[in-house]
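Residue numbering for the sequence shown follows my numbering, starting at 44 and increasing by one per position.
From the three backbone atoms N, C-alpha and C, an ideal C-beta is built for every residue, glycine too.
Notes to accompany the following structure.
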Amino acid sequence: MREAAGLEARRVESPPVLKGQDGEGSVQVHQDETMKIEGAKVFSVYGKGGIGKSTTSSNLSAAFSQLGKRVLQIGCDPKHDSTFTLTGQLQPTVIDILKEVDFHAEELRPEDFVTEGWNGVKCVEAGGPPAGTGCGGYVVGQTVKLLKQHHLLEDTDVVIFDVLGDVVCGGFAAPLQHADRAVIVTANDFDSIYAMNRIIAAVQAKSANYKVRLAGCVANRSKDTDEVDRFCREVGFNRIAHMPDYDAIRRSRLKKKTLFEMPDEEDIVLARAEYIRLAEQLYSGTDPLSPAPMEDREIFELLGFD
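What follows is the structure, encoded as structure tokens:
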């Protein structure tokens, strides 16, 4: 009754349908055309929290650099630990550095917020707003703006956004406005695949207005890939790499090194080769995938317990 009275007062017959530039119900801000990243191939790495996105991103950056590419990795997480295996330590965040100069970006120099990591990989930690405040999308936007103002994207071949956790709002999805391809890191379990299904839906929504498309998924820390592959067959997705549960990868994180700096043990050599193969595949170009994400009930029936 209250809704009907409100509609009558406004002289409309039905409630308005929110349909923004980024999909139905969206209240996101459309990307400023001047903030486009041009010239470089841009990848956004997504996946469930704790699944190994930073490990994947850093080793992938190292692999691209081994192929002779000029690489920039942007960590998009308040923990600012995306690049510490490339640099050997936690780096200050863009948002914290901007606070120090009262957000007068003209006072900053590139070396204030960009660190050169292993094999020349440029490392930036965007950071995030204080807990419970602000939006990660704003932080990503400010980081890209700063990089463009200092012309740091002009001599870059590959940009990798390492994005935190599941996609639950527009802020998490902001790097998709810049990316050519989105890569999803998953494990061979229900929770990881459930998160992957949500990320697929987010990328599909963004692809309506941006160039981003899905490249495929990386099965990480998984002995088998049967559940991942079953999901991919169901929705029309591809697994483009498999990183088994090698203890050497865990040890590399503890030593604050990428796999490319570790001793030539058998597992490490095999893992490096898989990252090099993935980097070559991504750089040469992957088919743009358009999987159909499943409804919650459907994915529970496919992968849930009997």
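Query, Result
"Could you name the residues of the same chain whose beta carbon sits closer than 8 Å to that of Leu345, not counting the 5 residues immediately before and after it, in chain order?", "Arg273, Phe274, Glu277 and Met337"
"To the nearest angstrom, how far is the alpha carbon of Ser125 from that of Ser97?", "5 Å"
"Name the DSSP beta bridge partners of Glu159, please?", "Lys165"
"Can you find the residues in the same chain that come closer than 6 Å, C-beta to C-beta, to Val114, ignoring five residues on each side of it along the sequence?", "Ser104, Phe107, Ser108, Val164 and Val201"
"So is Phe343 buried or exposed if we call it buried at 16+ other beta carbons inside 10 Å?", "exposed"
"Could you give the DSSP three-state label for Ile319: helix, strand or coil?", "helix"
"Measure from the alpha carbon of Leu129 to the alpha carbon of each residue in Val137, His123, Ser101 and Glu150, then state which is nearest.", "Ser101"
"Given a cut-off of 9 Å, decide if Ala258 and Leu325 are closer than it, judged by their beta-carbon atoms.", "yes"
"Assign Arg224 to one of three DSSP states: helix, strand, or coil.", "strand"
"Assign Arg340 to buried or exposed, taking buried as 16 or more other Cβ atoms, counted over all protein chains shown, within 10 Å of its Cβ.", "exposed"
"Terminal residues of the continuous beta strand (DSSP E) containing Gln116?", "Val114 to Cys119"
"Quick check on the DSSP output: the alpha helix (DSSP H) that includes Phe280 runs from which residue to which?", "Careful: Phe280 lies outside any alpha helix (DSSP H) and carries neither H nor E."
"Could you check how far apart the C-beta atoms of Ala262 and Arg282 are, in whole angstroms? I think they sit under 8 Å.", "6 Å"
"Using a 10 Å radius around the Cβ and a threshold of 16 neighbouring Cβ atoms, would you call Ala335 buried or exposed?", "exposed"
"Out of Ile227, Leu302 and Pro287, state which residue places its alpha-carbon closest to the alpha-carbon of Phe280.", "Ile227"
"Assuming Thr136 and His123 are in contact, meaning their beta carbons sit under 8 Å apart, how far apart are those beta carbons, in whole angstroms?", "5 Å"
"Ignoring anything shorter than 3 residues or poking outside the stretch 229–286, list the beta strand (DSSP E) runs there in chain order.", "256–263 and 282–286"
"Mind checking which residues open and close the beta strand (DSSP E) that includes Ser100?", "First-last for Ser100: Lys96 to Gln109, but that is the alpha helix (DSSP H), not the beta strand (DSSP E)."
"Skipping 5 residues on each side, what residues in its chain have a beta carbon closer than 7 Å to that of Cys178?", "Pro172 and Gly214"
"What does the alpha-carbon distance come out to for the pair Lys188 and Ile140?", "14 Å"
"Grab the span of the alpha helix (DSSP H) containing Phe127 for me, first residue to last.", "Phe127 to Thr130"
"Just mark Lys219 as buried or exposed, buried being the case when its beta carbon has 16 or more other beta carbons within 10 Å.", "It should be pointed out that residue 219 corresponds to Leu in this sequence rather than to Lys. Buried, since its Cβ has 16 or more Cβ neighbours within 10 Å."
"Identify the residues that DSSP records as bridge partners of Leu325: which are they?", "Looking at the DSSP assignment, Leu325 forms no beta bridge with any residue, so it has no partner."
"With a threshold of 8 Å on Cβ separation, who are the neighbours of Leu302 within its own chain once the five nearest residues in sequence on each side are excluded?", "Asn102, Ala105, Ala291, Ile292, Ser295, Ile311, Ala314, Arg315 and Tyr318"
"Per DSSP, Val201 forms a beta bridge with which residues?", "Lys84 and Val114"
"CB-CB under 8 Å to Pro153, same chain, minus the five flanking residues each way: which ones, in chain order?", "His193 and Leu195"
"Near Glu308, which residues of its chain fall below 7 Å by C-beta distance, leaving aside the five closest residues on each side in sequence?", "Ala291"
"By DSSP, does Leu345 sit in helix, in strand, or in coil?", "helix"
"With a CB to CB cut of under 6 Å and the five nearest residues on each side skipped, what residues in its chain are close to Thr158?", "Thr130, Gln134 and Cys166"
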